[in-house]
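112 is the number of the first residue of the sequence shown in the numbering used here; add one for each residue after it.
Ideal Cβ positions, reconstructed from N, Cα and C, are used throughout, including at glycine.
All values reported here derive from a predicted model rather than from experimental measurement.
Data block below; observations after.
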Amino acid sequence: MNYYRYDTHVHTSEVSPCGRVPAEEMVELYRKAGYQGILITDHYHDGVIEKQNGEWKEKMDDYLMGYRKAKEAGEAVGMDVMLGMELRFQSGLEDYLVYGFEEEFLYRNPYLNRLSLVSFRDLIREGDADILIFQAHPYRRKMHTAPPELLDGVEGFNGNPRHDSRNDKAFAFCLEHDLYLSSGSDAHQPEDVGRGGIGLTRRIRSARDYVELFRTGEPMDILFKR
């Protein structure tokens with residue numbers, strides 16, 4: 112039986128200020144780690160968006176640079192590279208992993224960081240209902256859990272070794288509120304690669320495919336390293 116590993120939380124040094132691995136190298140590290148694909152979730156917050164120069168199209172061209180480089184590298188070696196983002200609003204320190212959108216969504220909706228979780232949720236419900244919002248590492252220091260009715264899921268396991276994400280609490284919160292569960296490495300540096308993700312018996316090739324796994328209730332393994 113075929114088995115495919117995907118990491119749902121990966122950053123590139125081209126975009127994420129805390130990233131230490133260029134996109135092409137990140138793809139190669141995951142290929143060597145036995146993964147079939149990754150979701151690029153570069154940071155989308157004031158420190159990235161507000162500091163970029165140019166008109167909105169130029170800002171988004173820059174923001175998508177890491178994903179596009181990773182996707183091109185993935186295509187060359189048969190890896191599935193998909194688009195996501197780690198979104199933080201100006202109103203708080205909480206981070207949200209967003210999945211299921213295409214590049215055009217970012218060009219069409221400027222300055223998502225200036226919204227709130229409520230207004231972002233409303234935006235999705237009005238026109239992009241297939242987009243999912245997962246709260247990332249909700250129990251890290253100084254962070255608070257979002258109202259569960261505004262979430263689709265929770266990152267129940269975050270593999271970043273430099274943070275205490277209190278994954279046991281995130282997992283329990285997810286189960287208590289019957290939310291979708293995800294796992295991701297939160298990869299910024301080489302030692303972060305392959306610490307989390309999901310395992311599937313079929314291949315997925317797009318962020319829409321990833322969303323469909325949850326919508327249909329398809330079985331998946333939650334992968335993590337302690």
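Taking the CA atoms as reference points, residue 296 sits about 13 angstroms from residue 310. For residue 230, the uninterrupted alpha helix (DSSP H) segment begins and ends at 228 to 238. Of the residues 302, 292 and 337, the one whose Cα lies closest to the Cα of residue 331 is 292. Per DSSP, the continuous alpha helix (DSSP H) segment holding residue 327 begins and ends at 318 to 327.
Remark: three or more beta-carbon pairs, one from each stretch, lie closer than 8 angstroms, so the segment 249 to 260 and the segment 201 to 210 are flagged as touching.
Proximity of the segment 147 to 161 to the segment 114 to 121 meets the contact definition, three or more beta-carbon pairs being nearer than 8 angstroms. Annotation for residue 173: the continuous alpha helix (DSSP H) segment containing it runs 167 to 174. One thing to note: residue 192 has its Cβ no nearer than 8 angstroms to the Cβ of residue 244. With contacts defined as CB atoms closer than 8 angstroms, residue 285 and residue 265 qualify as a contacting pair. Inter-segment contact for the segment 317 to 333 and the segment 169 to 181 is absent: fewer than three beta-carbon pairs are separated by less than 8 angstroms.
Here DSSP, grouped into helix, strand and coil, assigns residue 177 to helix. One thing to note: residue 180 has its Cβ within 8 angstroms of the Cβ of residue 125. Counting every other CB atom within 10 Å of its CB across the protein chains shown gives residue 162 a total below 16, marking it as exposed.
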